[in-house]
Structures are given as C-alpha cells and as structure tokens.
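The structure appears right after this line, and notes come after that.
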Ligand code: PDD
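In our numbering, the protein residues as written are 294 to 580.
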C-alpha cells in the first residue's frame, strides 16, 4: 500500500503530493518542522512537540496555521491511514511561509503550506546498541538560532555528511570551545560517574528525548549536572551518548577514531538504555 501524506487540507498518496516551485520552503528554506515518534499509534509527548513547534514558528514570525486540537486530530488520522507502516511510526510535519513571488521580505496574506508524512519508526540495531557507534567532531558553523527547528538544514546536512564520509554515525559539534550538540541529535557526556548535559539555549535544539533522558536520570538518582561542557571534557569523557527520537539513546564509542573510555558502551549507558526501554514499554506504549 502506498504511503499516505497530508498536504494543505487533503490526504493523498505520496506520489500525488505536489507543491509549486515558488513555495518559500523550496526557494528560501523558509519553514519549520517537527519529527514526532508515535508508539502504539499514539504520538509521544504531543503537547511538548506542539510547544516546540510554536516556539519555532514564533522564531521565524510565522502564524500557526492550526490549533493544537487540529494538529492532534490530523496526526492521529495520518497514523491510522498509514497502518501498514506499523504501530510505531515517525511522523514528520512541515510548515512553510507559502507560495509567493521571490522576494526575501515576507509576503503579505499568503497561506502557509502544511505537509505531513509518516513512516515506520526505525530505531538503532542491536549491533549499534551493543557496540556503540563512531562519531567525528567539527566546528559548529550553523547559525545562532539552533533552537528553531528550521527546514533550512544545510549546515546540519554538511556536518552529517562529514560523518557519513568518515563511515561514522554522527558529527559532534563544538562552538567556542564548548559542546553544543550533534548534526541531528543531542549529546550527553559522562565523567567520573556524573552525567553532564549542555543546557538548552539558542545554540542547541531542545530535544524531547533529551528531556526524557534527564527525567529518567533524575528519577533514578543518577548524578546529573546541566551545565556548559567543554571540548576538553568531551574529549576526555568516560562515556558519550547521543539522543533523538529515532536514535533513542546511543553510546558513542569512538570519537575521531579514538576510543571513548574503554571503547565499549559504559555502565551508565547500559543502565540508561535499559531504563529507556522500560519507559517505552510502561509509559510510551501504555494503554
Ligand atoms: N532531529 N538536535 C538536532 C540538531 C536534531 O536534528 C534533533 C532531532 C535533535 C533531537 O531532538 P528530539 O529528541 O526531539 O528528536 C537534536 C530529528 C529526529 C530529525 O531532524 O530527523
């Protein structure tokens, strides 16, 4: 069965979805997006995702085309229409500033373009969980509004491709000597039994998985410090983790080709990974 997508008020097969070439999302990357994991067909932490969407829309001065209730209804409908993708899905939604004659300044009275699609939620393989993944590092050359989940992702794409070229999974980023995040995930560091997390600010995307991992860590009495983490601390870490809704929590076991800690997923990672799986079973999938 072909994938069903939502575009500007209608559901249709993916192959039939078309947008005009003057859409500002295409011309300028002028839009924002969300990726929402759905477990047992229910979008996870929808209120938090919608709050982040509103923050992104506010950040680019674009009105929200729908109420929260409308977003929830549409997303639930889309997930049901894509039942062949399974009960766990990854929903992508995008809002752009719409179609207008090319001019950098915002057009007046133009309707936003709204697009949504959903596919299977692909999580890390057992081998990645057991052995961890490779990451490289790079200087964070993105703009200063990384808290906006913008579809202008060229910086992230260039950075992620560096990892792909090196046969690695992620590129971990430093700005002015401090850890920010990775090209498509947040980053945690463990040193001497303490879990360190860079604070949320304009230099990182406020990850929903980041919140979940911090909540679990605090509830289970991990020692946690949310504070700036230096490049030196990252390079000298006992453990490095990356998190996102699709990666969940994953151990980085080599950084720029050198082992992180003893080169295997660490003790705290193994605890957190097990707790995250319990959380999925008991909370995300709970009926
Ligand atoms: N990206 N930082 C960046 C730059 C990201 O692109 C993402 C997620 C995250 C983690 O956010 P969350 O935990 O809410 O997934 C952090 C998504 C998955 C994407 O662009 O496909």
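Beta carbons: idealized from backbone N, C-alpha and C, even for Gly.
1. What's the gap between the Cα of residue 341 and the Cα of residue 576?
2. Between residue 384 and residue 306, is the Cβ-Cβ spacing less than 9 Å?
3. Under three-state DSSP, which class holds residue 353?
4. Assuming residue 464 and residue 541 are in contact, meaning their beta carbons sit under 8 Å apart, how far apart are those beta carbons, in whole angstroms?
5. Does the distance from the CB of residue 503 to the CB of residue 536 come in under 9 Å?
6. How about residue 439: is its Cβ closer than 8 Å to a heavy atom in ligand 1?
7. Within its chain, find whatever has a CB closer than 8 Å to the CB of residue 375; leave out the 5 residues flanking it on each side and keep chain order.
8. If I'm right that residue 386 touches residue 442 with Cβ under 8 Å, what's the distance once you round it to whole angstroms?
9. Relative to the alpha-carbon of residue 561, which residue among 571, 552, 544 and 574 has its alpha-carbon at the smallest distance?
10. Could you check which residue in 552, 579 and 578 has the C-alpha nearest to that of residue 427?
11. Are there any heavy atoms of ligand 1 lying less than 8 Å away from the beta-carbon of residue 510, as far as the coordinates show?
Quick answer:
1. Mapped onto the chain shown, residue 341 falls at position 48. Mapped onto the chain shown, residue 576 falls at position 283. Using only the alpha carbons, I get a separation of about 15 Å.
2. On the chain shown, residue 384 is found 91 positions in, with the first residue counted as 1. On the chain shown, residue 306 is found 13 positions in, with the first residue counted as 1. No, the pair does not count as a contact, with Cβ atoms beyond the cut-off.
3. As a first step, residue 353 is located in the chain shown; it is residue number 60 there, counting from the start. Note: residue 353 maps to coil in three-state DSSP.
4. Counted from its first residue, the chain shown places residue 464 at position 171. Counted from its first residue, the chain shown places residue 541 at position 248. About 19 Å; that fails the 8 Å criterion.
5. Taking the chain shown and counting its residues from 1, the one referred to as residue 503 is at position 210. Taking the chain shown and counting its residues from 1, the one referred to as residue 536 is at position 243. In this structure, residue 536 lies closer than 9 Å to residue 503 by Cβ.
6. Residue 439 sits at position 146 when you count from the first residue of the chain shown. Checking every heavy atom of ligand 1 against the Cβ of residue 439, one is found closer than 8 Å.
7. Here residue 375 refers to the residue found at position 82 when the chain shown is read from its first residue. Closer than 8 Å at Cβ, skipping near neighbours: 296, 297, 382, 411 and 412.
8. Here residue 386 refers to the residue found at position 93 when the chain shown is read from its first residue. Here residue 442 refers to the residue found at position 149 when the chain shown is read from its first residue. Rounded, the Cβ-Cβ distance is 10 Å, inconsistent with contact.
9. The count along the chain shown starts at 1 and reaches residue 561 at position 268. Checking every option, the nearest Cα to that of residue 561 belongs to 544.
10. As a first step, residue 427 is located in the chain shown; it is residue number 134 there, counting from the start. Out of 552, 579 and 578, 552 has the C-alpha closest to the C-alpha of residue 427.
11. Translated into the one-based positions of the chain shown, residue 510 becomes position 217. Every heavy atom of ligand 1 is 8 Å or more from the Cβ of residue 510, so no.
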